[in-house]
Amino acid sequence: MLNGKHIILGITGSIAAYKAAMLCRLLVKEGAEVRVIMTPLAKQFITPLTMATLSKHPILVEFFNPENGEWNSHVSLGEWADMLLIAPATANTLAKMTTGVADNLLLTTYLSARSKVAIAPAMDLDMYAHITTQNNLRTLAERGVAIIEPEAGELASGLIGKGRMAEPEEIVKQVKEIFAKECVQTLAGKHYIVTAGATIEPIDPVRYITNHSTGKMGYAIAEELALRGAKVTLVSGRTALQTPKGVERMDVVTAEDMYNATTEAWKEADGAVMCAAVADYTPKCVADQKLKKSDDDMSIELKRTKDIAKELGATKGDRILVGFALETNDEEANAEGKLKRKNLDFIVLNSLRDKGAGFGGDTNKITLIDANGNQEHPLMSKREVASIIVDKIESIKR
Ligand code: C5P
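What follows is the structure, encoded as structure tokens:
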């Protein structure tokens, strides 16, 4: 998603500058062209040689090259950039940014940049919490600077609190989101439901029946739909994940709760992606009190839950309905059966027999099956899988 993007990576004098090396590497790996500007103090924390090697370009620090007088034009740098990303951004640099101080190349470039600007603050917890710093951050945010929030944790000082620069992976993720916001909002005006995660079926106040779903695949799909401008209702069973930006999340517990929330949202929706691992059976009776053990075996009587995807399929009209099939055997035949029974437009098949597919991990290996046949895809990240699924949704013409 960063292919061909011009990014100026500004590095200031913080101990977190060591993370700028990894950040630069990740940006280049994502296809961005990176030019690095360091403040004079930043050179004390990470060498220009390291950053020049990783960015594949000489580092810029001074207004001009003292050897030959060659001018480092902040104006043309500012014009070249699609984004000025300052990471780490010290309290000093962000204070100067708010007041317009222009005493180094990074600051003059900031003042001349017409591009998007993002900063990843890094400082000690008290400096970060100080009212001056907070006011400066608010001012910059009001002027359209994206603030990539620091994390809480152990700081270089040994103190524990908020101020540690976000991890390079997180910064890259947020940089991508900033660029994605400007990509064509191909799904603007559309409303999609995504079901995700595992349902929980109580047996008594203490025990329950559930499954291994973590919700990662469904959350990635919800995120992708929102990035393309859709209104997204994420009906979520149990998960430890954070709600993706721009997504409306409804938490549910049981298959019954998920059925109620999803069928209600379906009245208004243009489509649904059924990614949740819904219990097929639930205890017939839920005990009010903890079941006591005895010396005998015991059995729990289960009753069928409602099939939410099938219910949506029955009232689909010309809307779009996507299902998932996680199989362990006879994969394609099972998935094709579900495609028809549930009246889906297409089904995403993943097999637990494939390494790297299924629960918990960050990768998946899928086959998309529709009435016209099968499309197999190689192992890839769940984010990439989400993008392929949403591309397929967009390709369905109604
Ligand atoms: O029939 P099976 O459970 O294998 O089908 C899987 C697909 O149906 C998934 O898309 C899943 O989210 C959906 N489903 C559902 N409601 C159920 C069971 C499955 O929406 N009760």
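FYI, the working numbering numbers position 280 of the sequence shown as 888, with every residue one higher than the one before it. Glycine included, every Cβ here is placed at the ideal spot set by N, Cα and C. Since the model is a prediction, treat every value here as computed from it, not as a measurement.
The three-state secondary structure of Met691, taken from DSSP, is strand.
Residue range 776 to 789 is occupied by the alpha helix (DSSP H) that includes Phe787, with no beta strand (DSSP E) assigned at that position. Annotation for Lys946 indicates a beta carbon within 7 Å of some heavy atom of the ligand C5P.
Taking the Cβ of Ala863 as the reference point, at least one heavy atom of the ligand C5P falls within a distance shorter than 7 Å. One thing to note: Met882 has its Cβ no nearer than 8 Å to the Cβ of Thr807.
When only Cα atoms are considered, Thr716 and Lys824 end up about 42 Å apart.
Under the three-state reduction of DSSP output, Asp711 falls in the coil class, being neither helix nor strand.
His682 sits buried, since 16 or more C-beta atoms from the chains shown fall within 10 Å of its C-beta.
Proximity of the beta carbon of Met825 to the ligand C5P is not indicated: no heavy atom of the ligand is located closer than 7 Å. Contact between the segment 649 to 657 and the segment 754 to 763 is absent, with fewer than three C-beta pairs closer than 8 Å. Exposure of Val894 is indicated by the presence of fewer than 16 other C-beta atoms within 10 angstroms of its C-beta. In the three-state scheme derived from DSSP, where H, G and I count as helix and E and B as strand, Met906 is classed as coil. Note that the C-beta distance between Ala628 and Leu617 is below 8 Å. DSSP places Pro729 inside the beta strand (DSSP E), whose first and last residues are 724 to 729. The straight-line gap separating the alpha-carbon atoms of Phe672 and Leu714 is approximately 13 Å. Note: Glu757 is not bridge-paired with any residue in the DSSP secondary-structure output.
In the DSSP annotation of this structure, the continuous segment of the beta strand (DSSP E) that includes Pro891 starts and ends at 889 to 891.
Per DSSP, the continuous alpha helix (DSSP H) segment holding Lys1000 begins and ends at 990 to 1003. Nearest to Glu909 by C-alpha distance, out of Pro891, Gln850, Ile667, is Pro891. Counting along the chain, no alpha helix (DSSP H) covers Gly771; the unbroken beta strand (DSSP E) around it starts and ends at 768 to 772.
Thr698 and Arg1006 have their alpha carbons spaced roughly 52 Å apart. Remark: C-beta atoms of Ser959 and Glu984 do not approach each other more closely than 8 Å. The continuous stretches of alpha helix (DSSP H) do not include Gln983, which lies in the beta strand (DSSP E) extending over residues 981 to 984.
Distance between Leu833 and Pro648, taken at the CA atoms: about 43 Å.
In the DSSP annotation of this structure, Lys901 is not part of any beta strand (DSSP E), being labelled neither H nor E. When DSSP states are grouped into helix, strand and coil, His799 belongs to the strand group.
A heavy atom of the ligand C5P is found nearer than 7 Å to the CB of Ala884. In the three-state scheme derived from DSSP, where H, G and I count as helix and E and B as strand, Pro852 is classed as coil.
The C-beta distance from Lys918 to Lys950 rounds to 5 Å, short enough to meet the 8 Å contact threshold.
Annotation for Thr975: Leu957, Asn982, Glu984 place their beta carbon closer than 6 Å to its own, counting only its chain and skipping 5 residues before and after. When C-alpha distances from Arg912 are compared across Lys664, Ala887, Arg643, the shortest belongs to Ala887. Taken atom to atom, the span from the alpha-carbon of Val780 to that of Asn937 is near 38 Å. Short note on Phe932: C-beta closer than 7 Å to some heavy atom of the ligand C5P. Ala650 has its Cβ no nearer than 7 Å to any heavy atom of the ligand C5P.
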